[in-house]
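Heads up, the thing below is written out as structure tokens.
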Amino acid sequence: QVQLVESGGGLVQPGGSLRLSCVASGITFSLNYMAWYRQAPGKQRELVAGISSGNVINYPDSVKGRFTISRDNAQNTVTLQMNSLKPEDTAVYYCRSDYRGILRYWGQGTRVTVSS
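In this text, residue positions in the sequence shown follow the working numbering: the first is 4, and each later residue adds one.
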């Protein structure tokens with residue numbers, strides 16, 4: 004059974020930081036493209052950061068320079084370090100695995116609220 008379990012969300016003030024983690028089980032983690040997405044109320048889910056099995060990383064411009072994605076294949080974990088958070092970063096953040104576009108799984112999400 005595949006599980007992606009996110010943790011680390013919460014309430015943070017603007018300018019603050021949070022670190023999200025996603026622990027995967029039931030997949031060959033090292034072979035998967037791993038990504039973080041987010042979905043704000045009333046908006047479509049969007050890619051926040053992705054990291055390939057070969058550690059090629061991509062970010063949209065909206066988070067570039069503020070967010071950092073990393074992976075630990077030994078721990079089956081992908082992490083998203085979020086700095087300089089803004090109110091517009093408020094969303095539910097989801098972890099996703101993707102094996103060659105064939106097998107894709109989502110976590111249940113962790114809520115991030117940026118507010119003073």
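Note that the Cβ used here is the ideal one computed from N, Cα and C, for glycine as well.
_Pairwise C-alpha distance: A77 and A43_ = Residue 43 sits at position 40 when you count from the first residue of the sequence shown. Residue 77 sits at position 74 when you count from the first residue of the sequence shown. CA-CA distance, A43 to A77, rounds to 32 Å.
*asked:* Quick check: the Cα distance between L7 and L106, rounded to an integer number of angstroms?
replied: Sequence index remark: in the sequence shown, residue 7 carries index 4 (1-based). Sequence index remark: in the sequence shown, residue 106 carries index 103 (1-based). Going by C-alpha positions, L7 is about 13 Å away from L106.
_Between K89 and P17, how many whole angstroms is the CB-CB distance? I'm expecting something under 8 Å._
Within the sequence shown, the letter at position 86 stands for residue 89. Within the sequence shown, the letter at position 14 stands for residue 17. Rounded to whole angstroms, the Cβ separation of K89 and P17 is 6 Å, and the two are in contact under 8 Å.
*Which word fits R103, buried or exposed, when buried means at least 16 other C-beta atoms lie within 10 angstroms of its C-beta?*
Here residue 103 is taken as the residue at index 100 of the sequence shown, counted from 1. Exposed, since its Cβ has fewer than 16 Cβ neighbours within 10 Å.
*Outcome for R74 when other beta-carbon atoms lying within 10 angstroms are tallied against a minimum of 16*: Here residue 74 corresponds to residue number 71 of the sequence shown, with the count starting at 1. It counts as buried.
*Report yes if the CB atom of V26 is closer than 7 Å to the CB atom of R41, and no otherwise.*
The residue labelled residue 26 in the question sits at position 23 within the sequence shown. The residue labelled residue 41 in the question sits at position 38 within the sequence shown. Taking the C-beta atoms as reference points, R41 is found no nearer than 7 Å to V26.
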